[in-house]
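*Asks:* Can you keep this structure in mind? I'll have questions shortly.
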Amino acid sequence: MELRMPMGEHMIRVEESEEEGAYVVRAELPGIDPAKDVEITVAGGVLTVHAERSEEKKEKHRSEFRYGSFTRSIRLPEGVNEEDISATYDQGMLTVKAPIGAVEKAARKIEITGGS
Numbered sequence: 007m008e009l010r011m012p013m014g015e016h017m018i019r020v021e022e023s024e025e026e027g028a029y030v031v032r033a034e035l036p037g038i039d040p041a042k043d044v045e046i047t048v049a050g051g052v053l054t055v056h057a058e059r060s061e062e063k064k065e066k067h068r069s070e071f072r073y074g075s076f077t078r079s080i081r082l083p084e085g086v087n088e089e090d091i092s093a094t095y096d097q098g099m100l101t102v103k104a105p106i107g108a109v110e111k112a113a114r115k116i117e118i119t120g121g122s
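Under my numbering, the letters of the sequence shown match residues 7 to 122, in that order.
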């Protein structure tokens, strides 16, 4: 299945794993100021990382750097506690940890209708 990004957007490369009771997503974001340029949201079991890198206006002959918007959405596994997700940034690597807990659903009584 081909993933199409809106014009001017690039996909963030990620690595996903489970470590010590947490679902971990690592994303390569070198040259980004995480306090200003990165937004992480979670809704409906989907984690979205959005970042922007602005091009410095300098005279140059050639550049292979990517500038603009970078976005990646990842479906979280069942049982992730969305309220306790944390993120750190170190040396160009964003790490997002989402604790995985047992999914406990309270038992509920089912009413029976009809009959005599």
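No residue lacks a Cβ here, since even glycine has one placed at the ideal position from N, Cα and C. Model, not experiment: these values are computed from the prediction.
Enumerate in chain order the residues of its own chain whose CB-to-CB distance from T47 is below 7 Å, with the five nearest sequence positions on each side excluded.
*Replies:* Excluding sequence neighbours, T47 sits near T54.
*Asks:* What do you get for M17, buried or exposed, if any count of 16 or more other CB atoms within 10 angstroms of its CB means buried?
*Replies:* Per the 10 Å Cβ criterion, exposed.
*Asks:* Using a threshold of 8 Å, state whether the C-beta atoms of F31 and E22 are closer than that.
*Replies:* Here residue 31 is Val; the residue named in the question, Phe, does not match the sequence. Yes, they are a contact pair.
*Asks:* P105 by DSSP, collapsed to three states: which one?
*Replies:* Residue state, collapsed to three classes: strand.
*Asks:* If I measure Cβ to Cβ from T94 and keep anything under 6 Å in the same chain, skipping five residues before and after, which residues do I get?
*Replies:* Cβ neighbours of T94 beyond the five flanking positions: T101.
*Asks:* When DSSP builds the beta bridges, which residues end up paired with E34?
*Replies:* Answer is M99.
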